[in-house]
Every structure is written in C-alpha cells, then in structure tokens.
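For reference, the structure discussed in these notes is given below.
In UniProt numbering, the protein residues as written are 1 to 691.
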C-alpha cells in the first residue's frame, strides 16, 4: 500500500488544524490495515499479532514523514490521538532504529509492587534485615546478597581542561555493584555526569553498561567550563534499560536535561566534592596546603604514560594476585608506610601524616593481598630522578630537593629498597633499580609500547636500572627519568551506598514500569550521639522526609522538586536497628530544610541481645546496623553506621585480665536502668557506642 501523500492537504492547513490532520491520517491508515474488531471495554496498548514487522516499519516510516510535513511541536505530536493498535512491537521498532538512543521514560507510571498492612510491613522488613545479617555473617560465600551495594572509586583531585583539549579523569571512575539491581534480565545503564560547583551546570557525561564482573568504567569524563571553581562532584544515575538499544560504548547524551535523566533514572548518587588543580605542583607543597598532599595509609593509584600520549597510559593493576600495568583496568592500592624520612629542615616541617620523598612504602591490593617489594619514593623533575641519598648537593634548593612532601598528580619513581648498614637509609653505592612498566626503552631489543602489531594492553612489571645522568663529584647521584620509570601518583576516594529494594525481592523478571525511584538517599551528616541517661540516639539526617504520593516518586528529580513544593504532604522515614523497629521518634522535627535533627528512643538491652543471630552463645556483645526504611514501599537504606553493645567485663576477661574485670564490676560504670541493664544477669557492665 502506498502511503497517502499529505503534502497537498497540509499546504492549506493551519497550525490549529495540525493535530486534527494527523489524527485523520492515522485513523485512515488504521482502517486500511486492521480488520474491524468487536469493541472492548478497555483497549490494550499491545499491538495485534497480525501486525507484522514489515507493516510496523511502514507505519513508522509514514508517521515520521507525516510529522515532518505537518511540522508539529513535540507536545502536539505526543498528544495526538493515536490508536493503540498502531503501536509497533518492541522487536519491530528496534529493527528500524538507525542508531542507539538514550533510554526513554517508562511507558507507564511506576507503582509499588504490592500494598502491605502496617504489621505485614514490619514483619517483612524484620525478616529481610535478619536475612541480610545472616549473609553478612557468612561473608563471601553468599551467592546473591539481599543488600545491594554501589561503590564508585575515583581520584581525589582532577585537572582542568582548557579550550578544546580534554584531560580525562585519571584514573577513570570505576563503579562496582554487588547484589542485584532492578531489571535483572537486562543490565541497567549507568550515566555519570560531571556536576559543577554550583550544583546545576554539567561539563561532561558518559554512559556505560555493567560488564560480567558487575563493573563499569567511565574513561571519557573531563572537567571543563569551571571558571574559578575549585571543586566538582560526580553524579551517578541508574537508568531503566531500553529494549532494543544498541551498544553504549560511544553513546552520549546531549545535555543534563535529557529525557534519559528526567524519565528513566530511578536512582542517583553524588560524590563528595572533588578538588580541581590547574596542574601538578613541581615545588615543595607548603605545610598549610595539606589537601594537596598524599597522606600515609591512603588509597592511591599510579599510572604511567609514554610520550604524554593518552592512549599509551598504563595503570598499575593487581589481577589474580599478580601485579601488572594495564590500559583497561586499575587498582586502588593501600599505602603501607615502613619508614618516613625524618624532618631535616623547614621544607620537611609538614604534618606527620603526610607522605614525603625518601619514604619506604609497600603497595598492597586490599582485595587479593598482592603487594610490591619495599619501594623508595623518588622525586622526578626536569628529566632527572633524584634518589634520596644524603649528600651536600641539593639541600639548599627546594626545587631540586630530593626530600619534601609528595603532592597530588606528581610524577615519582619507585626505587627498589636496598638497605644500608644503618637501617632504613639508602646506600649510595648500591645499584639502583626502578619499577618499570614493561622493558625500559634504552635496553637493546626492547619493544616500545605501541610499536607492536597489536596494542599490548597488559605489560609485566620489572625492576630495571636507569642510565646515570651527568653529575658533579660533590653532588648526589642523578638518573635519567625515562617515561617507563615515571609514575603519576594520585590519592583515591570513593562513595558507597547500600540498600535493599524490598519490592523487587523474589521477582525473577520485574517489568520496567515497576518500582518507585530509589533516591533521594538518606545520609547521616553528623556522628550519631548516644545519650546514656535517656537511652536515646541523636543524629542529623539529610533527606529524612519524602513525598507520600507515588506520582511524585517516579524519578529522583521529581521527588526532589516535590519535596521543595509548598503544601505537599511529607512523610518521615522509619529508623530501625537491625530487625528492631520502627523506633519511636523522641523528637519529631518539621521538614523545614534538607537536614533534620532527630532523636530516637532505643529499645532495652534485652531486645538488643535477642536480635543476635547466635543466640545459643552467651551474650557478650551485639552489633546491629542503623537503617532507614521508607514505609511507602519498605525500601531499606543502610546508614553506614552500626550500634555496638558490649559487656566490658567479658571483653576484659577474654583479654586475660581478670583483675581488671573484677574492678569494673565494683565500679559499676556501665549502663543503668534507662537502658534496661537491671534486667540482665548481674556481674556484667554493658556499654553502647556507635561505630
């Protein structure tokens, strides 16, 4: 059938008649294609089986042409009366899509999976929390955790991008997911945005999908248009997957107001502020600028770059218990300080927690336990490596000093530690070898990275000697700083959120239209304070109130807007301690701001001990998670805090000091009657604290 040409009729059609013309042509096409059917009380939005893919493709092509000829506004086109039978099947629409698109809004309003009575809600929440506690006790042996954890690792600082250049975030932000997410049959899409200091502007965004290891990397994010901004945030969105969507490797969204964020986002998470630096400092960082320093016991990432080329960047990585340099993966190593250079002048007068050149460290992978040999941090500047060897040469020039504080994004060389007879000092006459990403370029027969027929994505780590640089006899030794020996050092931060999407539990294939927005996520902004005389717990919580109506909980954006609207009824979250709850609010603040100061009445100590998993053992301590629960759909949010209840007498006696245990019993310094301590066996001294 040839599609009707609307050009003749539309030439005389006004804007006010556009919708009627569109409706008339669509009804005409429906009448020609579809056989008459008996009227139904409620017409389904699912297309008839007789409407094959060829017909659906023709219809879609005609409707696109009609829209172009009529030049309808998007709102008019969407409001046109479209017969439900003309909706193309998902398989058909995906075959005619010319390019992958961003996920669109859910086709139907999202509602909660079921409605529970107050008692059913309390009982189910308690059961789910107990199951989570059992899984936590089992550790890594749990196949599918009840609680979902979303963790994002990222650099603590980033460099500005100027003009058309793009200085991508190094290392690229890495998202790790444990547990299950919604839409299990189809992996959800993740959108990460670079949010400006003002909270409204976005200078970059990228989409990615979770891989088989439940990880996603965002390698093309950069900071632009910051002006005088000193920080930014990363904002992570979980998007509803779109059926038939193509690969997302190169997929980009146009702007922050995209339909994907407005309609398909069901959870969003923000990082803490991330500092912006113009370029790494080559001078010794001043003691007052501690934020620019690398601190001991911090998590760090190291990457190597040949000829300053981005595509030849390799990250220090631990995989299967082995260390290597990789271009597609990176590891956040924990710095273990073995020896710190003692202060020898004003340049070393920094906080003792700050890492200094000349320190001996070990890099440990917290996941596998893989560790490097003891390494000495060496300064790199002007193409030279400055081994931290005591000598008369460079102590008066701070720019060339081999000592001082290590700052963010500085290049360092990692020299294998060879101890001298004086302990942790460096033997100036011992051979010096440095951690090298692959074979050093100056060695005969060495293959340079990128010159092979296939790009080498994984390089072995070796210790190789550097070529000595020219230096005077009265100077300390210098070495040539070849690219393979130079590692850029940056500290790593992370943000982590844990929750239990109770409505989704037990559903093998939840539809895309099910489930309310998960966020805004409640955050404890101050350390909870326990008041022993009243047995109450006080804290400050952000996003403690939410909108009761489910229509306002479709996306995080809509929920935030509804919470700020005047006259909208708000409900408060419930506070639980493990399976105990909801706890009574001792103070009920009004939703006057984003943060609420709340106080809850804690249950007696007997209830704490009865909530333990190992109730067969003698009660000596109990740890319960501090949780928030959204009563509308029983969604459980982990605060990241726990309440620890301990018998000090049992703890001291277990440590092998019965005399101190008897002294504690006589002092009677534990919790009193308000906490219900008098109901417990005599001879115990109970305390309660937040961890």
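Virtual Cβ for every residue (Gly too), placed ideally from N, Cα, C.
Closest by CA to residue i, which one among the options?
i: residue 275; options: 526, 364, 265, 292; result: 292
i: residue 379; options: 202, 365, 403; result: 403
i: residue 190; options: 234, 580, 522; result: 234
i: residue 674; options: 627, 606, 533, 634; result: 533
i: residue 483; options: 500, 547, 434; result: 434
i: residue 158; options: 176, 277, 210, 236; result: 277
i: residue 690; options: 231, 608, 645; result: 645
i: residue 151; options: 485, 163, 173, 165; result: 173
i: residue 467; options: 138, 499, 431; result: 431
i: residue 429; options: 436, 417, 437, 372; result: 417
i: residue 581; options: 627, 236, 300; result: 627
i: residue 180; options: 145, 193, 168, 164; result: 145
i: residue 272; options: 197, 326, 370; result: 197
i: residue 164; options: 223, 562, 606, 148; result: 223
i: residue 499; options: 587, 590, 636; result: 636
i: residue 555; options: 579, 137, 520, 218; result: 520
i: residue 326; options: 538, 134, 459, 660; result: 459
i: residue 296; options: 119, 671, 570, 357; result: 357
i: residue 530; options: 602, 353, 491; result: 602
i: residue 352; options: 294, 623, 139; result: 294
i: residue 692; options: 239, 464, 568, 359; result: The structure shown has nothing for residue 692, since the chain only spans 1 to 691.
i: residue 477; options: 505, 523, 237, 427; result: 427
i: residue 490; options: 302, 587, 663, 599; result: 302
i: residue 584; options: 569, 604, 570; result: 604
i: residue 488; options: 524, 475, 412, 561; result: 412
Give the straight-line distance between the Cα atoms of residue i and residue j, rounded to the nearest whole angstrom.
i: residue 495; j: residue 615; result: 34 Å
i: residue 682; j: residue 648; result: 13 Å
i: residue 170; j: residue 155; result: 7 Å
i: residue 518; j: residue 306; result: 43 Å
i: residue 481; j: residue 313; result: 17 Å
i: residue 652; j: residue 608; result: 21 Å
i: residue 639; j: residue 565; result: 26 Å
i: residue 633; j: residue 175; result: 26 Å
i: residue 528; j: residue 311; result: 47 Å
i: residue 212; j: residue 221; result: 22 Å
i: residue 559; j: residue 269; result: 14 Å
i: residue 386; j: residue 300; result: 22 Å
i: residue 503; j: residue 625; result: 21 Å
i: residue 205; j: residue 167; result: 14 Å
i: residue 370; j: residue 462; result: 15 Å
i: residue 341; j: residue 153; result: 30 Å
i: residue 680; j: residue 606; result: 7 Å
i: residue 316; j: residue 526; result: 36 Å
i: residue 388; j: residue 308; result: 26 Å
i: residue 215; j: residue 319; result: 15 Å
i: residue 621; j: residue 187; result: 41 Å
i: residue 754; j: residue 383; result: Past the edges of the chain, shown from 1 to 691, lies residue 754, and the structure says nothing about it.
i: residue 419; j: residue 322; result: 25 Å
i: residue 405; j: residue 336; result: 16 Å
i: residue 684; j: residue 666; result: 10 Å
i: residue 469; j: residue 485; result: 14 Å
i: residue 425; j: residue 438; result: 28 Å
i: residue 408; j: residue 162; result: 19 Å
i: residue 129; j: residue 572; result: 20 Å
i: residue 686; j: residue 670; result: 5 Å
i: residue 672; j: residue 535; result: 9 Å
Tell me the DSSP bridge mates of residue i?
i: residue 537; result: 530, 600
i: residue 204; result: 194
i: residue 495; result: 152
i: residue 293; result: 407
i: residue 231; result: 275
i: residue 576; result: 627
i: residue 490; result: 301
i: residue 323; result: 318
i: residue 519; result: Looking at the DSSP assignment, residue 519 forms no beta bridge with any residue, so it has no partner.
i: residue 159; result: 277
i: residue 310; result: Per DSSP, none; premise fails for residue 310.
So, do the segment 328–342 and the segment 361–370 have three or more beta carbon pairs nearer to each other than 8 Å? yes
Below 8 Å, can you find three or more Cβ-Cβ pairs linking the segment 587–599 to the segment 538–548? yes
Beta strand (DSSP E) runs wholly inside the segment 616–673, at least 3 long, in chain order: 621–630, 635–647
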